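See below for the structure under consideration.
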Amino acid sequence: MAKTLDKWQFGDFQTPSNLATRVVEVLKKNHHISPDLIIEPTCGKGAFVRAALSGFTESKIVAYEVNPEYVSDTRASIEPNHAERVSINQGDFFLLDWEEVLNQNTGSLLILGNPPWVTSSELGILNSENLPEKTNFQGRRGIEAITGSGNFDISEWMLLRHVDWLEKHDGALAMLCKYSVARKIMRKLRQNKEHRLFGHIYSIDAMKYFSAAVDACLFVLTTDIGNADCEVFDSLESTDPAYIIGERDSFVVRDIETYEKYRSLRGQDSVYIWRSGLKHDCSKVMELAKQNDAYENGFKTKVDIESTFVYPLLKSSDIGNSRTDICRRWVVVTQRSVGENTDRIKSEGPKTYKYLENHAHLLDSRKSSIYRGKPKFSIFGVGEYTFLPWKVAISGLYKKLNFCLVGPIDGKPVIFDDTVNFLSFKTEGEAKFIHSLLMSEPARKFYDASIFWEEKRPITAEILRRLSLKEVAKYLGLLHKYMEYVESRETANSNGQLSLGIAEKTTKYQRASNT
Numbered sequence: 009m010a011k012t013l014d015k016w017q018f019g020d021f022q023t024p025s026n027l028a029t030r031v032v033e034v035l036k037k038n039h040h041i042s043p044d045l046i047i048e049p050t051c052g053k054g055a056f057v058r059a060a061l062s063g064f065t066e067s068k069i070v071a072y073e074v075n076p077e078y079v080s081d082t083r084a085s086i087e088p089n090h091a092e093r094v095s096i097n098q099g100d101f102f103l104l105d106w107e108e109v110l111n112q113n114t115g116s117l118l119i120l121g122n123p124p125w126v127t128s129s130e131l132g133i134l135n136s137e138n139l140p141e142k143t144n145f146q147g148r149r150g151i152e153a154i155t156g157s158g159n160f161d162i163s164e165w166m167l168l169r170h171v172d173w174l175e176k177h178d179g180a181l182a183m184l185c186k187y188s189v190a191r192k193i194m195r196k197l198r199q200n201k202e203h204r205l206f207g208h209i210y211s212i213d214a215m216k217y218f219s220a221a222v223d224a225c226l227f228v229l230t231t232d233i234g235n236a237d238c239e240v241f242d243s244l245e246s247t248d249p250a251y252i253i254g255e256r257d258s259f260v261v262r263d264i265e266t267y268e269k270y271r272s273l274r275g276q277d278s279v280y281i282w283r284s285g286l287k288h289d290c291s292k293v294m295e296l297a298k299q300n301d302a303y304e305n306g307f308k309t310k311v312d313i314e315s316t317f318v319y320p321l322l323k324s325s326d327i328g329n330s331r332t333d334i335c336r337r338w339v340v341v342t343q344r345s346v347g348e349n350t351d352r353i354k355s356e357g358p359k360t361y362k363y364l365e366n367h368a369h370l371l372d373s374r375k376s377s378i379y380r381g382k383p384k385f386s387i388f389g390v391g392e393y394t395f396l397p398w399k400v401a402i403s404g405l406y407k408k409l410n411f412c413l414v415g416p417i418d419g420k421p422v423i424f425d426d427t428v429n430f431l432s433f434k435t436e437g438e439a440k441f442i443h444s445l446l447m448s449e450p451a452r453k454f455y456d457a458s459i460f461w462e463e464k465r466p467i468t469a470e471i472l473r474r475l476s477l478k479e480v481a482k483y484l485g486l487l488h489k490y491m492e493y494v495e496s497r498e499t500a501n502s503n504g505q506l507s508l509g510i511a512e513k514t515t516k517y518q519r520a521s522n523t
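Here the sequence shown stands for residues 9 to 523, numbered as in the working numbering.
Here's what the structure looks like:
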């Protein structure tokens, strides 16, 4: 269903009456909220106003709405016996003097409602005036901070205003919003060590209530506790949280209870380092398909180049679906390390160099600043690790812990795109052993407790690096085998030096066992 102009401009997803009633029931039953004053900053057609009047029989309600037709509709929908407890006014959230409104109340406060589900970029497209004054409220850097050009949800800006209100007034906030917005607000609260708010998130079925394919929730903030943890409930019917989001060891983790259970596995490995795949930003030139032993680029043009600089390519969709035995695409790899001079392609692959020269105008016009001042045809995310034959890889985009064992294809090491994270190995045996550690229950539980699956790219190299494979091996009683592989890597990297003597190996193993 296409958005109407008003629906788009004002994020106008009207709350169904049954949902508003259920929200009020949750606030009363689970949080024992009984406010003196309820403020509905963007009341729309009044579903929350009516639910609050019925559910909070002793509370006064002040509601505002920018749309004059909605104001009239809401006033007309109020039962006569409730009229004395409610004030419904036309007003623009971004222009109202909220301090004056708040200062009229001395009791407990409930901020209730459903703020607009729209982003600043969408409003900019529409040239809408329904937009807050641009300020650097997200703490952005550089040109985005100067121009206010960073895209953000209008509801995020509004919710942060509400948080400011709760810093000065006792009470609670209960808003319908995107789950991602609720998490951003909790992240802001953690940055303020002096805050006194505790978070609760209830998942709601946005498709059922709003016909919107988005992760949505009821976001509740209360002023009774202030430890920046956030309870997450599976639904409005849930009385016990499914998990609790919190900050542990300077990381925000999704499930603090599970994380605490496997906390001993944390720690970064210096031996096995997670990398991200290749970045080139010019797929039509750099990525090739193979048709009857001939290459074809993204322009559907036959490409006659040497195989020297062409490698099998696996993307996130391949890794996410465990398609690792064959590849659908190939990629031109112009460097073996970042910043390497590319002139050698002239002599080692003259046809490849000519092909790149013919498309130099496209490669030179790549927008990312990382290519400025670098050799022509430069790429990123490449190093010695790229060309090792065996890898363990995982897609950063797929919402599952699917670690794949990947070996050479057509005798060449596999290259990944930059949405894939991987470890590299010289031998199949070592790759299989590390793969078994990552697939073990403790490792998967540790990661699952740390990953926010609703993120666009939930699995990052930074999160993967939080787990110590050495600690996993120790947990599983496999430390001795782990140390053997570590020592074999050290021996291989010592340029032919003799391997460690038996006594030294024994001492090193004992020392590792005691750490």
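A virtual CB, placed ideally from N, CA and C, is assigned to each residue, including glycine.
A quick note: this is a predicted structure, and the numbers were derived from the prediction, not measured.
Along the chain, where does the alpha helix (DSSP H) that runs through residue i open and close?
{"i": "residue 478", "result": "477-483"}
{"i": "residue 458", "result": "449-458"}
{"i": "residue 338", "result": "Run containing residue 338: none in the alpha helix (DSSP H); it sits in the beta strand (DSSP E), 337-340."}
{"i": "residue 269", "result": "264-269"}
{"i": "residue 78", "result": "76-85"}
{"i": "residue 56", "result": "55-63"}
Alpha carbon to alpha carbon, what distance is there between residue j and residue i?
{"i": "residue 147", "j": "residue 185", "result": "For residue 147, the pLDDT reaches just 49, beneath the cut-off of 50, and the residue's location in the model is therefore unreliable, although a value from the coordinates is still provided. Computed Cα separation, rounded: 21 angstroms."}
{"i": "residue 108", "j": "residue 381", "result": "55 angstroms"}
{"i": "residue 407", "j": "residue 94", "result": "46 angstroms"}
{"i": "residue 502", "j": "residue 393", "result": "16 angstroms"}
{"i": "residue 239", "j": "residue 57", "result": "26 angstroms"}
{"i": "residue 356", "j": "residue 423", "result": "20 angstroms"}
{"i": "residue 415", "j": "residue 299", "result": "23 angstroms"}
{"i": "residue 251", "j": "residue 209", "result": "10 angstroms"}
{"i": "residue 258", "j": "residue 453", "result": "19 angstroms"}
{"i": "residue 375", "j": "residue 473", "result": "29 angstroms"}
{"i": "residue 52", "j": "residue 85", "result": "12 angstroms"}
{"i": "residue 228", "j": "residue 448", "result": "36 angstroms"}
{"i": "residue 106", "j": "residue 205", "result": "20 angstroms"}
{"i": "residue 307", "j": "residue 320", "result": "19 angstroms"}
{"i": "residue 378", "j": "residue 434", "result": "30 angstroms"}
{"i": "residue 469", "j": "residue 346", "result": "19 angstroms"}
{"i": "residue 97", "j": "residue 73", "result": "6 angstroms"}
If you run the structure through DSSP and keep just helix, strand and coil, what is residue i?
{"i": "residue 164", "result": "helix"}
{"i": "residue 192", "result": "helix"}
{"i": "residue 356", "result": "helix"}
{"i": "residue 122", "result": "coil"}
{"i": "residue 327", "result": "helix"}
{"i": "residue 152", "result": "Since pLDDT at residue 152 reaches only 35, below the 50 mark, its modelled position is unreliable, and the value read off the structure follows with that caveat. Reduced to three states, the DSSP call for residue 152 is helix."}
{"i": "residue 211", "result": "strand"}
{"i": "residue 43", "result": "coil"}
{"i": "residue 382", "result": "coil"}
{"i": "residue 283", "result": "strand"}
{"i": "residue 421", "result": "coil"}
{"i": "residue 430", "result": "strand"}
{"i": "residue 439", "result": "helix"}
{"i": "residue 293", "result": "helix"}
{"i": "residue 198", "result": "helix"}
{"i": "residue 104", "result": "coil"}
{"i": "residue 174", "result": "helix"}
{"i": "residue 406", "result": "coil"}
{"i": "residue 486", "result": "coil"}
Since residue i and residue j are thought to touch, with beta carbons under 8 angstroms apart, how far apart are those beta carbons, to the nearest angstrom?
{"i": "residue 280", "j": "residue 459", "result": "That belief does not hold up - the Cβ atoms of residue 280 and residue 459 are roughly 19 angstroms apart, past 8 angstroms."}
{"i": "residue 451", "j": "residue 398", "result": "So it is not a contact: roughly 19 angstroms between Cβ atoms."}
{"i": "residue 71", "j": "residue 29", "result": "With a Cβ gap of about 16 angstroms, residue 71 and residue 29 do not count as contacting."}
{"i": "residue 120", "j": "residue 214", "result": "With 8 angstroms as the limit, residue 120 and residue 214 do not qualify as a contact, their Cβ atoms being about 18 angstroms apart."}
{"i": "residue 117", "j": "residue 179", "result": "3 angstroms"}
{"i": "residue 223", "j": "residue 188", "result": "7 angstroms"}
Beta carbon of residue i, beta carbon of residue j: below 7 angstroms?
{"i": "residue 396", "j": "residue 432", "result": "yes"}
{"i": "residue 327", "j": "residue 390", "result": "no"}
{"i": "residue 425", "j": "residue 323", "result": "yes"}
{"i": "residue 290", "j": "residue 371", "result": "yes"}
{"i": "residue 359", "j": "residue 314", "result": "yes"}
{"i": "residue 475", "j": "residue 286", "result": "no"}
{"i": "residue 446", "j": "residue 481", "result": "no"}
{"i": "residue 266", "j": "residue 500", "result": "no"}
{"i": "residue 283", "j": "residue 430", "result": "yes"}
{"i": "residue 167", "j": "residue 231", "result": "no"}
{"i": "residue 317", "j": "residue 350", "result": "no"}
{"i": "residue 260", "j": "residue 367", "result": "no"}
{"i": "residue 1", "j": "residue 49", "result": "The displayed coordinates of the chain run from 9 to 523. Any statement about residue 1 would go beyond what the structure contains."}
Between which two residues does the beta strand (DSSP E) carrying residue i extend?
{"i": "residue 403", "result": "398-403"}
{"i": "residue 230", "result": "224-230"}
{"i": "residue 375", "result": "No beta strand (DSSP E) holds residue 375; DSSP gives it neither H nor E."}
{"i": "residue 71", "result": "68-73"}
{"i": "residue 255", "result": "251-256"}
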